[in-house]
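Enquirer:
There are 4 protein chains.
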Amino acid sequence: MRPLGIGLVGTGYMGKAHAVALQSVGAVFNTRFRPVCEMICSTTAEGAACKAIELGFKSSSGHWQDLIANPRVEALVIASPPTTHREIALAAFAAGKAVFCEKPLGSSLEDARAMADMAAASKLPNMVGFNYIRAPAVQLAREMILSGEIGEIIHVRAEHTEDFLADPQAPASWRTRDVSSGNLGDLSPHIINAMLRLAGPIERVVAQMQTVYSTRPGANGPEAVRNDDQADFLCRFKSGAIGAITVSRVATGSKLRYCFDIAGTKGALRFDAEDQNTLQYYDAGLKPGRQGFSKLLTAPEHPDYGAFCEGPGHGTGYSAQIVIEARDFLRAIETHEAISPTFEDGLQVSRIVAAISRSHTEERWVRIAEF
Amino acid sequence: MRPLGIGLVGTGYMGKAHAVALQSVGAVFNTRFRPVCEMICSTTAEGAACKAIELGFKSSSGHWQDLIANPRVEALVIASPPTTHREIALAAFAAGKAVFCEKPLGSSLEDARAMADMAAASKLPNMVGFNYIRAPAVQLAREMILSGEIGEIIHVRAEHTEDFLADPQAPASWRTRDVSSGNLGDLSPHIINAMLRLAGPIERVVAQMQTVYSTRPGANGPEAVRNDDQADFLCRFKSGAIGAITVSRVATGSKLRYCFDIAGTKGALRFDAEDQNTLQYYDAGLKPGRQGFSKLLTAPEHPDYGAFCEGPGHGTGYSAQIVIEARDFLRAIETHEAISPTFEDGLQVSRIVAAISRSHTEERWVRIAEF
Amino acid sequence: MRPLGIGLVGTGYMGKAHAVALQSVGAVFNTRFRPVCEMICSTTAEGAACKAIELGFKSSSGHWQDLIANPRVEALVIASPPTTHREIALAAFAAGKAVFCEKPLGSSLEDARAMADMAAASKLPNMVGFNYIRAPAVQLAREMILSGEIGEIIHVRAEHTEDFLADPQAPASWRTRDVSSGNLGDLSPHIINAMLRLAGPIERVVAQMQTVYSTRPGANGPEAVRNDDQADFLCRFKSGAIGAITVSRVATGSKLRYCFDIAGTKGALRFDAEDQNTLQYYDAGLKPGRQGFSKLLTAPEHPDYGAFCEGPGHGTGYSAQIVIEARDFLRAIETHEAISPTFEDGLQVSRIVAAISRSHTEERWVRIAEF
Amino acid sequence: MRPLGIGLVGTGYMGKAHAVALQSVGAVFNTRFRPVCEMICSTTAEGAACKAIELGFKSSSGHWQDLIANPRVEALVIASPPTTHREIALAAFAAGKAVFCEKPLGSSLEDARAMADMAAASKLPNMVGFNYIRAPAVQLAREMILSGEIGEIIHVRAEHTEDFLADPQAPASWRTRDVSSGNLGDLSPHIINAMLRLAGPIERVVAQMQTVYSTRPGANGPEAVRNDDQADFLCRFKSGAIGAITVSRVATGSKLRYCFDIAGTKGALRFDAEDQNTLQYYDAGLKPGRQGFSKLLTAPEHPDYGAFCEGPGHGTGYSAQIVIEARDFLRAIETHEAISPTFEDGLQVSRIVAAISRSHTEERWVRIAEF
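Those protein sequences? They're chains V, D, P and F, same order as listed.
Going by this note's numbering, the letters in the first sequence line up with residues 42 to 412, in that order.
Going by this note's numbering, the letters in the second sequence line up with residues 42 to 412, in that order.
Going by this note's numbering, the letters in the third sequence line up with residues 42 to 412, in that order.
Going by this note's numbering, the letters in the fourth sequence line up with residues 42 to 412, in that order.
1) What does the alpha-carbon distance come out to for the pair E244 of chain D and V407 of chain D?
2) So, does the region 187–205 of chain P touch the region 150–167 of chain P, judging by three or more C-beta pairs under 8 Å?
3) Could you check whether the Cβ of A340 of chain D sits closer than 9 Å to any Cβ belonging to chain P?
4) Could you tell me whether the Cβ of L49 of chain V comes closer than 9 Å to any Cβ of chain D?
5) I think A182 of chain V touches L239 of chain V, with their Cβ atoms under 8 Å apart; what is that distance to the nearest whole Å?
6) Quick one: list the residues of chain D neighbouring E351 of chain P, beta-carbon separation under 7 Å, in chain order.
7) Less than 8 Å between the CB atoms is what I'm expecting for L45 of chain P and V118 of chain P, so what's the real figure, rounded?
8) Have a look at F:H355, F:F301, F:V169 and flag the residue whose alpha-carbon is nearest the alpha-carbon of L388 of chain F.
9) Does E315 of chain P pass the burial test, meaning 16 or more other C-beta atoms within 10 Å, or should it be called exposed?
10) Quick one, which of D:A379, D:A62, D:H355 has its alpha-carbon nearest D204 of chain P's?
11) Output needed for G305 of chain P: all residues of its chain with C-beta closer than 7 Å, excluding positions within five of it in sequence on either side, in chain order.
12) So with CB distances below 7 Å, who are the chain D contacts of H201 of chain P?
13) Give a yes or no on contact between the region 224–231 of chain F and the region 341–355 of chain F, applying the rule of three or more CB pairs nearer than 8 Å.
14) CB-CB under 6 Å to N111 of chain F, same chain, minus the five flanking residues each way: which ones, in chain order?
15) Which chain F residues sit within Cβ distance under 8 Å of P258 of chain D?
16) Residues in the region 222–246 of chain F with C-beta within 7 Å of chain V's C-beta atoms, listed in sequence order?
17) Are there three or more Cβ pairs, one per stretch, closer than 8 Å when the region 200–218 of chain F is compared with the region 253–268 of chain F?
18) Tell me the DSSP bridge mates of A139 of chain V?
19) Quick check: the Cα distance between Q362 of chain F and A62 of chain F, rounded to an integer number of angstroms?
20) Please look up how many angstroms separate the CB atoms of C82 of chain F and S101 of chain F, rounded, as I've assumed it's under 8 Å.
21) If we count the other Cβ atoms within 10 Å of its Cβ and call it buried at 16 or more, is Q106 of chain P buried or exposed?
22) With a threshold of 8 Å, are at least 3 pairs of Cβ atoms found where one atom belongs to the region 364–373 of chain F and the other to the region 369–376 of chain D?
23) Give a yes or no on whether the minimum CB-CB distance between L310 of chain P and chain V is below 9 Å.
24) In the DSSP assignment, find the unbroken alpha helix (DSSP H) run with C91 of chain F in it and report its ends.
25) So, does the CB of H355 of chain V fall closer than 9 Å to a CB anywhere in chain F?
26) Is Q251 of chain F near D227 of chain F, with beta carbons less than 9 Å apart?
27) Name the chain P residues whose beta carbon is nearer than 8 Å to that of P329 of chain V?
28) For a quick check, are the C-beta atoms of L21 of chain V and A139 of chain V less than 9 Å apart?
29) Please classify Y299 of chain F as buried or exposed, where buried requires at least 16 neighbouring CB atoms within 10 angstroms.
30) For R405 of chain F, tell me which candidate among P:G352, P:P145, P:A248, P:N172 has the shortest Cα-Cα distance.
31) Check each residue of the region 269–301 of chain V: if its Cβ is closer than 9 Å to any Cβ of chain F, include it; give the result in chain order.
32) Using only CA atoms, which one of V:R75, V:E351, V:R73, V:H104 lies nearest to G88 of chain V?
33) Looking at the structure shown, is P123 of chain P part of a helix, part of a strand, or coil, going by DSSP?
34) With distance defined between alpha-carbon atoms, name the residue in D:I303, D:R154, D:Y54 nearest to A487 of chain P.
35) Less than 9 Å between the C-beta atoms of K296 of chain P and L338 of chain D, yes or no?
36) So N167 of chain V and F384 of chain V are in contact, right, with Cβ under 8 Å, and what is the actual spacing, rounded?
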């Protein structure tokens with residue numbers, strides 16, 4: 042067992058999720074590398090000190106540079122806003138540290154490219170936080186696709202819709218100001234990453250985007266919304282499969298409708314993160330009259346489930362995804378192997394995001410190769 | 042109570058469905074006009090005679106012209122292949138008969154336009170068989186949308202997928218030979234009609250289509266498939282709403298996934314014909330923590346349900362849709378009012394089908410106004 | 042094709058349902074015997090005359106004796122209140138007519154016994170209207186059980202709950218006055234019949250019953266409710282299987298929760314009439330990690346579905362159950378074979394109802410053999 | 042922030058679950074008392090030493106007495122077999138330590154009574170591990186019931202079925218040897234506890250139990266199964282409500298069907314742990330035609346959800362229940378308030394288990410007051 046000093050930048054929603062995961066990952070997976078929560082960074086020194094106590098870190102700072110300068114911090118988890126990712130990650134790599142970065146990878150395609158390039162050049166372990174792909178049922182989907190159980194994929198229908206801005210009176214915030222925090226910038230990377238992982242590279246897209254509510258209540262009256270609320274796009278995969286994907290932050294009633302329907306030549310899979318412990322599986326090889334979508338409840342025989350619970354159907358949640366992510370990051374550090382999603386994978390997602398945006402603006406099909 | 046002589050052309054799947062509906066519609070809805078099954082037409086005189094006995098018609102013929110010439114036939118139901126629709130319908134109008142025509146309206150946009158023009162000129166009752174729109178839960182969806190219960194529609198996600206040709210070994214047939222019988226020609230009109238009915242006119246589309254299995258077993262070895270297997274398209278509605286729609290006849294596992302998710306500013310609706318007695322409704326106006334998609338089971342307080350059964354949740358099926366259709370056709374004849382979907386409505390669907398096809402060929406957004 | 046004159050007693054909910062079914066059954070199933078709607082009986086001559094026109098009968102009467110005296114009436118459908126069943130059925134058998142009687146079979150165990158005895162003695166075709174057993178998915182369940190697909194049944198959990206009297210302000214009516222119209226008398230026979238049909242004879246029961254709302258608004262103030270609102274019972278089947286069943290007319294939110302979970306040694310089945318086009322099937326023989334309840338959507342390869350629709354998943358409803366029932370009654374008349382549920386089957390249900398009632402009163406396990 | 046030394050007895054399924062929970066509860070809930078994993082006990086000293094490293098404990102022992110003797114162990118978590126509970130708990134209380142004990146509370150009613158008595162006498166914090174009650178959706182159910190949202194409870198239908206012994210070839214094990222490890226002893230306490238918590242005290246029961254597979258493969262051929270496989274019971278609550286409950290370890294296809302349907306005078310609730318992030322809610326007060334079971338996805342506005350994730354619908358799993366349990370245990374220690382389920386609550390469950398067992402043996406209704 043080898044302790045591994047971790048620095049965490051960011052103490053919001055995702056910062057806390059990572060702190061919790063770092064504290065339980067060792068016992069859950071009996072990992073050889075054991076995270077030691079060394080130093081945490083928040084926007085102020087006081088805030089950081091407070092969070093260090095709450096989240097169980099040994100020391101704290103109001104400056105991320107202090108984490109990088111700290112020799113006991115061997116790996117950095119970046120959970121601060123996208124606009125900060127690039128600078129922090131580059132400095133971390135320069136200091137020889139492994140880096141885990143929350144999605145999206147930076148606030149622009151340029152950021153993502155710079156970060157992926159530096160990661161490759163540094164040969165240091167790196168990973169992007171597309172956590173949903175680690176839900177056991179999504180891992181199972183990948184396993185079944187790779188094993189050929191549904192034959193060749195012919196069609197994909199997917200969605201990532203949440204309704205956190207469905208109310209027109211929801212106020213303007215960081216979510217409505219920066220392109221990288223909009224619907225396309227913030228939500229779409231999750232489902233795009235899933236599609237790349239499950240169905241392979243995308244060749245071209247055609248998209249439509251929309252800002253449904255053009256202003257939102259601000260501190261001084263209505264404030265203009267500077268990014269999109271919803272987007273649809275068609276895509277063609279390199280394999281020849283085609284698909285249609287919808288992403289929205291204003292889809293009334295959707296809470297975490299990160300879902301996909303994948304049709305193959307021999308079967309089909311359906312997943313919806315609102316019921317993340319189920320993968321629906323249609324096996325076209327069963328006898329006529331006995332075919333139907335089967336509700337596979339996650340169980341110890343499925344990927345990464347058994348470490349959380351020995352009972353089938355007992356369920357894992359969002360937190361478990363982050364713990365699995367932590368295990369994978371530790372494993373990447375231990376083995377020096379690239380474990381997806383790496384920064385390179387994050388860059389591929391960013392290229393597609395850029396293509397969707399251009400397709401919308403220029404009202405045409407756009408090849409990913411343009412980026 | 043007034044008897045109304047009906048002629049039926051076609052004795053296949055839909056012909057039988059209409060025959061059954063004609064015989065029960067009077068008792069179900071206590072209609073003033075009561076259908077009398079006068080004459081039935083099949084491809085041969087012998088076949089027709091046989092079907093007349095089976096399906097309860099007084100007389101029969103191997104020529105549709107005989108039905109039109111029969112003065113006791115006051116209204117014609119056309120359930121023969123799309124390529125025959127135009128000629129029969131035009132002759133029927135010319136003879137002053139009301140016409141109900143199965144979807145799609147003819148085998149091309151030209152057919153649809155000629156039929157709609159003649160229907161308008163004749164001022165005779167006319168209707169197209171987009172039956173799914175008449176399922177009580179779909180009617181309820183429309184009622185709720187019109188009443189403003191979900192506010193303004195901002196997004197539509199819809200699908201009409203079935204898997205009747207998902208098996209690559211399914212043989213070539215009429216379904217794989219004519220454009221009007223392909224996936225776009227045959228399946229898409231249903232869901233397009235639903236979208237027009239529920240979300241209003243469409244302004245433009247961008248589409249991708251695909252023939253997944255380019256040949257299928259024929260009488261003398263592999264036979265080329267001459268139409269599409271699957272299609273996706275994005276659309277923009279006149280109202281400003283946007284949407285994404287998928288249509289497939291090779292979507293493994295889908296049986297009648299005629300489904301839609303409609304997000305409005307105040308709520309949302311979800312429907313799937315595989316569970317046609319349910320409409321899912323999300324009311325954003327309920328108090329926090331008590332909001333969720335509610336499973337509205339069709340009941341006597343919903344449109345057209347009570348005539349079939351006084352008990353809520355007891356369910357109606359495909360047959361009931363055809364009975365409701367028959368009631369509407371009788372009502373159109375009785376009242377001389379246009380009851381949707383008329384031939385004009387069918388033409389609007391055909392224009393969109395044509396736009397989708399062109400969008401695919403020319404790989405660009407196509408305005409419906411081009412047609 | 043042979044016409045068969047039918048007399049119908051009762052023009053309410055079930056009377057109409059049978060009238061509609063009689064008019065479409067011939068075309069749906071291409072039956073050799075074709076029902077001719079000869080004579081209908083309602084409580085008044087005027088009402089009956091009116092219903093004859095509405096429901097398509099040739100003649101009418103305010104006295105059921107007239108139907109029995111009518112030589113053109115070859116078979117009688119009894120859809121009048123339970124208290125009238127015995128007298129009418131006995132007279133019909135005496136006149137040599139086939140009899141279909143709505144459930145429950147008379148208003149008491151004595152009625153049921155007298156009716157079953159007379160049916161047996163007469164050797165005339167007879168049937169009881171436990172319609173839900175004829176839903177294609179329920180027929181499929183029986184087919185799968187008989188074929189051994191789920192092995193031996195070890196446990197049954199079932200329910201028939203509706204909420205038509207869940208509102209304490211729902212007024213007193215015939216439903217609250219007679220024992221045979223109470224929750225146990227009126228609802229339980231359906232699910233008991235299903236259990237007998239699917240899991241075999243029951244040996245003993247222990248029950249608890251309750252009148253939740255002891256009075257209901259009547260014409261002159263509160264009126265006492267004279268029958269039960271809800272009941273639970275445990276049962277032991279002759280096969281050794283055990284089970285627990287709940288029946289309620291006050292189960293808030295249940296519309297037609299006629300449902301069962303049947304666990305066998307090799308698999309399991311689940312059905313809920315609120316989604317009557319689905320049978321859920323768990324096959325314990327599938328490989329680990331790929332086992333799950335599979336949603337079998339009714340389709341042409343399942344019992345009696347294809348006559349209604351050639352498309353899988355297109356759905357049948359309550360009306361189809363009545364049409365299938367009519368087909369079975371015609372077949373029983375044509376073949377002189379007993380087709381379940383016969384009056385004898387109805388009697389077995391009544392014996393269990395009586396045992397449940399006694400178990401409740403005497404607060405003990407009761408053997409069915411006591412009756 | 043105050044560190045609190047914990048000793049853990051047992052390193053199996055539940056031991057690990059508690060170890061993980063102890064390590065994350067502080068960061069998740071920002072608790073004032075922070076668990077320090079002091080000492081762990083397994084059946085051998087070597088095993089314990091190994092587990093201490095894996096699960097993050099400071100020291101270890103092969104004797105539970107060492108944990109009790111350790112002054113740094115302020116609270117004990119007992120996750121060893123039921124037959125060991127009594128002795129350990131009593132010794133712990135005698136040493137002045139707070140005790141958390143896994144369910145069932147000892148291996149007999151006598152054990153439970155002795156433990157509850159000692160807990161009461163000691164006035165030390167105590168708790169039983171009925172974890173499912175802490176799933177946020179179950180907590181929400183309780184909150185809604187207490188607030189009167191569904192009115193008065195009139196009926197309960199519940200189940201705890203799993204299929205871990207559904208295969209007749211599953212070998213004999215500790216699960217098949219001791220009464221406290223049988224279906225009634227091991228599984229039923231969970232759902233009985235839930236019913237007591239949600240619907241209040243039970244007055245009497247009538248039950249049937251069954252050992253479906255009387256022998257199972259043992260080391261030397263077939264070995265007799267000494268406890269039950271499945272049980273059904275009816276119950277009457279003190280409130281007047283009635284119910285039916287099924288418990289099984291051989292219910293083919295059930296994985297964690299810990300479910301309940303609770304009907305009240307104003308609404309109803311349905312829960313199934315196989316989809317633990319959903320509570321279905323029927324509000325009879327909504328307007329006609331808009332009533333239906335609503336799928337409430339757990340969210341930050343529901344009990345204890347927000348600490349795990351700020352996003353609604355993102356889901357919590359089995360692990361979160363154990364973390365919530367740990368928080369409650371810490372809170373009980375901090376506040377000296379009894380937090381349910383206490384040992385006294387565990388005793389109430391054991392009384393009902395005893396009554397069910399007697400009811401089965403004596404084939405009669407049994408009042409809980411007999412115990």
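Glycine included, each C-beta is placed from N, C-alpha and C at the ideal position.
Expert: The short version:
1) The sequence position of residue 244 of chain D within the second sequence is 203, counting from 1. The sequence position of residue 407 of chain D within the second sequence is 366, counting from 1. In a straight line, the C-alpha of E244 of chain D is about 9 Å away from that of V407 of chain D.
2) Result no; under three Cβ-Cβ pairs closer than 8 Å.
3) Counted from its first residue, the second sequence places residue 340 of chain D at position 299. For A340 of chain D, a Cβ of chain P is located within less than 9 Å of the residue's own Cβ.
4) Here residue 49 of chain V is taken as the residue at index 8 of the first sequence, counted from 1. Not closer than 9 Å to any Cβ of chain D, the Cβ of L49 of chain V fails to qualify, so no.
5) For the purposes of this step, residue 182 of chain V is taken as the residue at position 141 of the first sequence. For the purposes of this step, residue 239 of chain V is taken as the residue at position 198 of the first sequence. Correct: roughly 6 Å between the Cβ atoms.
6) Stepping through the third sequence from its first residue, residue 351 of chain P is reached at position 310. For E351 of chain P, the chain D residues whose C-beta falls within less than 7 Å of its own C-beta are Y54, listed in chain order.
7) Numbered from its first residue, the third sequence carries residue 45 of chain P at position 4. Numbered from its first residue, the third sequence carries residue 118 of chain P at position 77. Contact between L45 of chain P and V118 of chain P does not hold, since their C-beta atoms are separated by about 12 Å, which reaches or exceeds 8 Å.
8) Taking the first residue of the fourth sequence as position 1, residue 388 of chain F is located at position 347. Check the Cα spacing between L388 of chain F and each of F:H355, F:F301, F:V169: the tightest is with F:V169.
9) By one-based count along the third sequence, residue 315 of chain P stands at place 274. Its Cβ being crowded by 16 or more others within 10 Å, E315 of chain P is buried.
10) Numbered from its first residue, the third sequence carries residue 204 of chain P at position 163. With distances taken between Cα atoms, D204 of chain P lies closest to D:H355.
11) Taking the first residue of the third sequence as position 1, residue 305 of chain P is located at position 264. Around G305 of chain P: I191, G192, E193, I194, I195.
12) Your numbering for residue 201 of chain P matches position 160 in the third sequence. Chain D residues near H201 of chain P: none, gap ~12 Å exceeds 7 Å.
13) Contact between the region 224–231 of chain F and the region 341–355 of chain F is not established, with fewer than three Cβ pairs separated by less than 8 Å.
14) The residue labelled residue 111 of chain F in the question sits at position 70 within the fourth sequence. Excluding the 5 residues flanking it on each side, N111 of chain F has same chain C-beta neighbours closer than 6 Å at M80, in chain order.
15) Looking up residue 258 of chain D in the second sequence gives position 217. Within chain F, no residue comes near P258 of chain D; the closest Cβ sits about 38 Å away, beyond 8 Å.
16) Going along the region 222–246 of chain F in chain order, one finds no residue with a Cβ nearer than 7 Å to chain V.
17) Because the criterion of three Cβ pairs below 8 Å is met, the region 200–218 of chain F and the region 253–268 of chain F touch.
18) The residue you call residue 139 of chain V lines up with position 98 of the first sequence. For A139 of chain V, which the question treats as bridged, DSSP gives the partners V:A116.
19) The sequence position of residue 362 of chain F within the fourth sequence is 321, counting from 1. The sequence position of residue 62 of chain F within the fourth sequence is 21, counting from 1. Here the alpha carbons of A62 of chain F and Q362 of chain F stand approximately 9 Å from one another.
20) Taking the fourth sequence and counting its residues from 1, the one referred to as residue 82 of chain F is at position 41. Taking the fourth sequence and counting its residues from 1, the one referred to as residue 101 of chain F is at position 60. That pair is a contact at about 7 Å.
21) Looking up residue 106 of chain P in the third sequence gives position 65. Answer is exposed; the Cβ neighbour count stays below 16.
22) At 8 Å Cβ cutoff, the stretches do not touch.
23) In the third sequence, residue 310 of chain P corresponds to position 269, counting from 1. No, L310 of chain P lies away from the interface with chain V (no Cβ there is under 9 Å from its Cβ).
24) As a first step, residue 91 of chain F must be located in the fourth sequence, where it is residue number 50. That run of the alpha helix (DSSP H) goes 86–96.
25) On the first sequence, position 314 is the one that residue 355 of chain V refers to. Yes, H355 of chain V counts as interfacial toward chain F.
26) The residue labelled residue 251 of chain F in the question sits at position 210 within the fourth sequence. The residue labelled residue 227 of chain F in the question sits at position 186 within the fourth sequence. No, Cβ-Cβ distance for Q251 of chain F and D227 of chain F is not below 9 Å.
27) Numbered from 1 along the first sequence, position 288 holds the residue referred to as residue 329 of chain V. For P329 of chain V, the chain P residues whose Cβ falls inside 8 Å of its Cβ are E342, in order along the chain.
28) In this structure chain V extends from 42 to 412, so residue 21 of chain V is not present and cannot be described.
29) Taking the first residue of the fourth sequence as position 1, residue 299 of chain F is located at position 258. Residue burial annotation: Y299 of chain F is buried, with at least 16 other C-beta atoms found within 10 angstroms of its C-beta.
30) Here the question's residue 405 of chain F lines up with position 364 in the fourth sequence. R405 of chain F has its Cα closest to that of P:A248, out of P:G352, P:P145, P:A248, P:N172.
31) Hits within the stretch, in order: S295, K296, L297, R298.
32) The residue you call residue 88 of chain V lines up with position 47 of the first sequence. For the residues V:R75, V:E351, V:R73, V:H104, the minimum Cα distance to G88 of chain V belongs to V:H104.
33) Along the third sequence, read from residue 1 onward, the residue named residue 123 of chain P stands at position 82. Here P123 of chain P sits in helix by DSSP.
34) This structure does not reach residue 487 of chain P, given that chain P is present from 42 up to 412, and the question cannot be answered.
35) Along the third sequence, one-based indexing puts residue 296 of chain P at 255. Along the second sequence, one-based indexing puts residue 338 of chain D at 297. Yes; because the gap between Cβ atoms is below 9 Å, this pair is in contact.
36) The sequence position of residue 167 of chain V within the first sequence is 126, counting from 1. The sequence position of residue 384 of chain V within the first sequence is 343, counting from 1. That belief holds up - the Cβ atoms of N167 of chain V and F384 of chain V are roughly 5 Å apart, short of 8 Å.
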